[in-house]
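What follows is a set of notes on a single structure, which appears directly below.
This is the structure we're talking about:
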């Protein structure tokens, strides 16, 4: 075989793989759109505006609450932020993480989530555990190794759950680390927001907890 034949054969193989992935992705997205429309139509009969993502938000709410998605002092604010994070988790699972991050940026601009909720949502949404990825993996592996397609189809849902749990555990670790209080002198670079010069400086932090938020400073 020469180089031209190898290039031609590789191009033909890639076309088949891409076609398989696109076909499975379109089918899975269409099914999810149908389910979402069916749920919306059903609840619309009683005057409720409910979507599939919102239902998943209620489903993920206990998990988001246990993870400590919000540390707002006001409980109403904490519940609202936790619900927003739970709905983002539902959007990421049903659609994909890119749409979820786009929604998250809109929520941040609207002031619906802040501080810890933003951090927890950032880590929670960072993954490919969604139904769209199921179609992509089935198409990819089905093209490369057709005889293993039944095996992949059998374990793909468990893989989805495992991937989602991995993202949630990563967010939990990040949330735990963010609460660590350093018990010795450290050098931290800060930007003084209230300073007219708006310059950065190095200051020692004493052996006690410091409320940076109330002092008008921001950690870098």
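Numbering (the working numbering), first residue to last: 1 to 220. Where a beta carbon is used, it is the ideal one built from N, C-alpha and C, also for glycine. Only a predicted model underlies this, so the values are computations on that prediction, with no experimental measurement involved.
Item	Value
Could you give the residue range of the alpha helix (DSSP H) that holds residue 30?	3-44
Assuming the contact rule is C-beta atoms closer than 8 angstroms, residue 104 and residue 138 should be a hit. Round their C-beta distance to whole Å, please.	So it is not a contact: roughly 28 angstroms between Cβ atoms.
For a quick check, are the C-beta atoms of residue 39 and residue 28 less than 8 angstroms apart?	no
Got a sec, what are the start and stop residues for the alpha helix (DSSP H) residue 136 sits in?	131-144
Can you list, in chain order, the residues of its chain whose CB lies under 7 angstroms from that of residue 67, leaving out five sequence neighbours each side?	120, 168, 171, 172 and 175
Pull up the distance between the alpha-carbon of residue 64 and that of residue 6, whole angstroms please.	51 angstroms
Under 8 angstroms, do residue 89 and residue 60 count as touching if we go by C-beta distance?	yes
In its own chain, which residues sit with a C-beta less than 7 angstroms from the C-beta of residue 148, not counting the 5 before and 5 after it?	141
Rounded to the nearest angstrom, what separates residue 182 and residue 73 at their Cα positions?	Its pLDDT being 35, under 50, residue 182 is placed unreliably by the model, and the measurement read from it follows with that caveat. Distance between the alpha carbons of residue 182 and residue 73: 22 angstroms.
Quick one: what does DSSP say residue 67 is sitting in, helix, strand or coil?	coil
Give me, in chain order, the residues of the same chain whose beta-carbon lies closer than 8 angstroms to that of residue 195; leave out the 5 immediate sequence neighbours on both sides.	Low per-residue confidence applies at residue 195: pLDDT is 49, beneath 50, and the placement is therefore not dependable enough to give any value.
Short check: CB of residue 32 to CB of residue 131, under 8 angstroms?	yes
I'd like the span of the alpha helix (DSSP H) that includes residue 79, first residue to last.	75-94
Is it right to say residue 178 is buried, meaning 16 or more other beta carbons lie within 10 angstroms of its own, or is it exposed?	exposed
Assign residue 154 to one of two classes, buried (16 or more other C-beta atoms within 10 Å of its C-beta) or exposed (fewer than that).	exposed
Please identify the residue among 143, 162 and 151 whose C-alpha is closest to the C-alpha of residue 24.	143
Measure the C-alpha to C-alpha separation of residue 110 and residue 43 and round it to an integer number of angstroms.	27 angstroms
Does the Cβ of residue 13 have 16 or more other Cβ atoms within 10 Å, making it buried, or fewer, making it exposed?	exposed
Less than 8 angstroms separating the beta-carbons of residue 86 and residue 92?	no
Where residue 81 and residue 34 are concerned, what is the direct C-alpha to C-alpha distance, given to the nearest angstrom?	29 angstroms
What's the call for residue 57, buried or exposed, on a 16-neighbour Cβ count within 10 Å?	buried
Cα-Cα, which of 160, 48, 164 and 114 is closest to residue 136?	160
Determine the burial state of residue 8: buried for a count of at least 16 other Cβ atoms within 10 Å of its Cβ, exposed for fewer.	exposed
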